[in-house]
Amino acid sequence: MKAIVITSPGGPEVLQLQEVDDPQIHDDEVLIKVQATALNRADTIQREGSHPPPEGASQYPGLECSGTIEAVGRNVTRWKIGDQVCALLSGGGYAEKVAVPAGQVLPVPPSIPLKDAASFPEVACTVWSTVFMTSRLSAGETFLIHGGSSGIGTFAIQIAKYYGANVFVTAGNEEKLAVCKDLGADVCINYKTEDFVARVKEETGGKGVDVILDNIGGAYFQRNIDSLNVDGRLFIIGFMGGAVTQVNLAGLLARRLTVQAASLKNRSTENKALIVSEVEKNVWPAIVAGKVTPVVCKYLPLSEAAEGHRLMEIGKHIGKILLLS
């Protein structure tokens, strides 16, 4: 098969389409003929030489895909050859075929084109496991998403609104904020021209928001703390603004704040299967009902993975960038 190989740590140009061996499936895995995979920030970090795949996982990038099952392991009972599915991966999505544990596979919702289904697994599992399973966002609460126009952000807006939250977003220009508004965001903040802490306080009568999903890290840490309500929860999923900072801890104590962080990529197979099961139970009905829809910025052939990485790193895209095999 063909796959995108990281020939050495570096810029997008190190991504090369090469002939490689087909993956071999284990007894509890399925083999998916990939129609599409989606780009994620973790892919660019892996390309640069950090955040490697978990031990035993494919060395090719790609954390989600959609396609058709081509083979099943002898212990697999739910899935059969020919099923159209999407899947959460530990790696290997930038390829024509990928082996994946059966517990990380999801059915393609009936109304969603097969290629667009690749835009869901990583964002759905990330948002559901952090914002809902851990931070327990509930109806009537306020929720702030940094990077509202990203793949994570466009999904998080929709699922949070579906579950009755009041959604705040930050983004860097009016075009991105307009998309967030169209997806259901209640308060849209241009972080380049506004102080998001002041705006959050203004919109909440001085209280702050209940939950924040943050991929900036160090640069926003103190401001996130200052933006939280009593019993507020901050969940960090990235460090685009650095991993080191200083913080005044008094606010955590005074307002009983909770700070948590996690990545999805290196979780155990068992934990990923649990998250995927919860996503199918709680998120898939919203997609089937048309309340959560894919937001795709661009489709590129697999051979143009490097161009996809360049687009992602420029930061002008809205939603997901998909590679088609």
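In the working numbering, the protein residues as written are 1146 to 1470. All C-beta atoms, glycine included, are put in the ideal place defined by N, C-alpha and C. Keep in mind that this is a model prediction, so the values were computed, not measured.
- In the pairwise beta carbon analysis, the segment 1269-1277 is classified as not touching the segment 1237-1247: fewer than three pairs are separated by under 8 Å.
- At a Cβ-Cβ threshold of 9 Å, Ile-1381 and Ala-1406 count as neighbours.
- Here DSSP, grouped into helix, strand and coil, assigns Val-1441 to strand.
- In this chain, the alpha helix (DSSP H) harbouring Gln-1367 covers 1366-1371.
- A Cβ-Cβ contact shorter than 9 Å links Glu-1209 with Ala-1183.
- For Ala-1216, the uninterrupted beta strand (DSSP E) run begins and ends at 1209-1217, by DSSP.
- Counting C-beta pairs closer than 8 Å gives three or more between the segment 1182-1198 and the segment 1223-1239, which meets the contact rule.
- Annotation note: the segment 1192-1280 contains the following uninterrupted alpha helix (DSSP H) runs of length 4 or greater, listed N- to C-terminal: 1266-1272.
- When rounded, the separation of the alpha-carbon atoms in Gln-1204 and Pro-1197 is 8 Å.
- The shortest CA-to-CA distance from Leu-1379 to any of Ile-1290, Gly-1194, Phe-1265 and Gln-1161 is the one to Ile-1290.
- Our two residues, Glu-1286 and Glu-1267, have alpha carbons roughly 24 Å apart in a direct line.
- By the CB criterion at 9 Å, Gly-1353 and Cys-1325 fall outside the cutoff.
- Under the three-state reduction of DSSP output, Ser-1422 falls in the helix class.
- In the DSSP annotation of this structure, the continuous segment of the alpha helix (DSSP H) that includes Thr-1299 starts and ends at 1296-1307.
- When secondary structure is reduced to three states using DSSP, Asp-1376 falls in the strand class.
- Within a 10 Å sphere around the beta-carbon of Ser-1470 sit 16 or more other beta-carbons, which makes this residue buried.
- Secondary structure within the segment 1165-1194: the alpha helix (DSSP H) runs of 4 or more consecutive residues, fully enclosed, are 1186-1192 (chain order).
- With respect to Val-1179, Ser-1211 sits close: the two C-beta atoms are nearer than 9 Å.
- Lys-1461 is classed as exposed because its beta carbon has fewer than 16 other beta carbons within 10 Å across all chains shown.
- Looking at the DSSP output, Thr-1315 shares a beta bridge with His-1291 and Ile-1334.
- Setting aside the 5 residues that flank it on each side, Met-1278 is surrounded in the same chain by Ile-1420 and Glu-1423, each with a C-beta closer than 8 Å to its C-beta; the list follows chain order.
- Its chain contains Thr-1287 and Asn-1374 as the residues whose beta carbon lies nearer than 8 Å to that of Thr-1349, once the 5 sequence neighbours on both sides are disregarded; these appear in chain order.
- Around the beta carbon of Leu-1394, fewer than 16 other beta carbons lie within 10 angstroms, which makes this residue exposed.
- With a 10 Å radius around the Cβ and a threshold of 16 neighbouring Cβ atoms, Thr-1338 comes out exposed.
- In chain order, Val-1375 place their CB closer than 6 Å to the CB of Arg-1400, counting only its own chain and leaving out the 5 sequence neighbours on each side.
- C-alpha of Val-1221 to C-alpha of Cys-1333: approximately 45 Å in a straight line.
- Beyond the five residues adjoining it in sequence on each side, Ala-1301 comes within less than 7 Å, by CB distance, of Val-1272, Val-1276, Ile-1290 and Leu-1358 in the same chain, given in chain order.
- Closest by C-alpha distance to Val-1433, out of Trp-1224, Ser-1153 and Ala-1262, is Ala-1262.
- By the Cβ-count criterion, Val-1356 is buried, with 16 or more other Cβ atoms from all chains shown falling within 10 Å of its own Cβ.
- Taken in chain order, the complete alpha helix (DSSP H) segments of 4 residues or longer contained in the segment 1382-1422 are 1395-1399.
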